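Residue numbering for the sequence shown follows the working numbering, starting at 140 and increasing by one per position.
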Amino acid sequence: MPAKAAFYDVDGTLVRTNIVHVYAYYAMNRGSLLGMAGRSLGTAASLPLFGALDFINRKVFNEFFYRYYEGLSEDRLVTVAEDMFEDVLKPALYEQSKDLIAEARRSGCRIVLVTGALDFTMRPLARYLGADELIANKMQFVGGKATGKVIPPIIEGANKANAIRDYCAKEGLSLAHCHGYSDSASDYAMLAIVGRPTAVNPDVRLRQLARAYNWPILDLK
């Protein structure tokens with residue numbers, strides 16, 4: 140097996156979507172028409188709050204946002220994930236995402252997706268991209284129903300870096316030879332921990348950091 144890995148954030152890095160788009164798909168594909176409409180309108184009304192929380196603190200945003208899954212059936216969430224991939228994630232893939240992953244594969248890297256999204260929503264994408272590993276948030280289920288709580292630690296910010304460090308230690312990989320790809324300054328720790336970081340479609344702050352540290356910058360289409 141390769142002695143190095145390429146770690147990819149997902150939202151904004153490989154796909155144009157984010158976790159709000161994913162939940163919106165579930166909201167529109169569950170229950171009665173009236174219930175679906177109510178959940179969809181509720182999600183739309185909360186968008187300004189989501190944006191503010193995400194800007195202030197990604198961990199707080201994740202903890203707040205995933206409460207919207209409370210009460211949803213685990214079986215249904217897993218089943219709908221396949222359709223959601225076809226309808227939402229696959230069309231939103233940047234055209235160059237597969238090339239970026241193929242290049243890392245040719246250089247001898249394992250392919251690892253590292254995302255704050257829920258694991259069951261990302262498995263079809265990971266399979267489609269041929270990823271070797273998926274590091275993602277895990278929803279807590281009790282009696283087959285989502286509690287709305289994520290099993291700690293929440294995969295975001297510094298915890299992404301910790302997850303990558305733990306993965307490399309477990310698999311005997313050299314962090315200095317690993318690659319990291321992200322679009323957000325919130326993933327600075329994830330990028331800083333690997334020897335070969337790359338800013339992909341970076342936000343303003345990450346673009347500034349990448350220029351300051353002379354990291355490569357990619358703008359995928």
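We put the beta carbon where it would ideally sit given N, CA and C, even for glycine. Treat the numbers as computed from the prediction; the structure is a model and nothing was measured.
Item                                                                                                                       : Value
Nearest residue (CA-CA) to Tyr267, options Ile240, Ala275 and Ile290                                                       : Ile240
Nonlocal neighbours in the same chain, by C-beta distance under 7 Å from Leu153, ignoring five residues either side        : Tyr147, Leu232, Tyr233 and Ser236
contact_flag[the stretch 285-294, the stretch 308-317] where n(CB pairs < 8 Å) is 3 or more                                : no
Backbone CA spacing between Pro341 and Met167 [nearest angstrom]                                                           : 30 Å
Spatial neighbours of Val227 in its chain, beta-carbon cut-off 7 Å, leaving aside the 5 residues before and after          : Thr156, His160, Val161 and Tyr164
Where the alpha helix (DSSP H) through Phe224 begins and ends                                                              : Element bounds for Phe224: n/a, residue is neither H nor E.
Separation of Asp214 from Asn353, as counted between CA atoms                                                              : 46 Å
Alpha-carbon to alpha-carbon, Ala351 and Ala285                                                                            : 43 Å
Length of the line joining the Cα atoms of Cys317 and Phe204                                                               : 31 Å
Opening and closing residue of the beta strand (DSSP E) in which Leu268 lies                                               : Segment Asp258 to Leu268 is the alpha helix (DSSP H) holding Leu268; no beta strand (DSSP E) there.
Top-ranked residue by Cα proximity to Lys299, from Val149, Lys143 and Ala142                                               : Val149
Where Lys237 falls: helix, strand or coil (DSSP)                                                                           : helix
Nearest residue (CA-CA) to Lys229, options Arg262, Pro336 and Val343                                                       : Arg262
Cut-off 6 Å between Cβ atoms - residues of its own chain near Asp271, not counting five sequence neighbours on either side : Arg249 and Ile250
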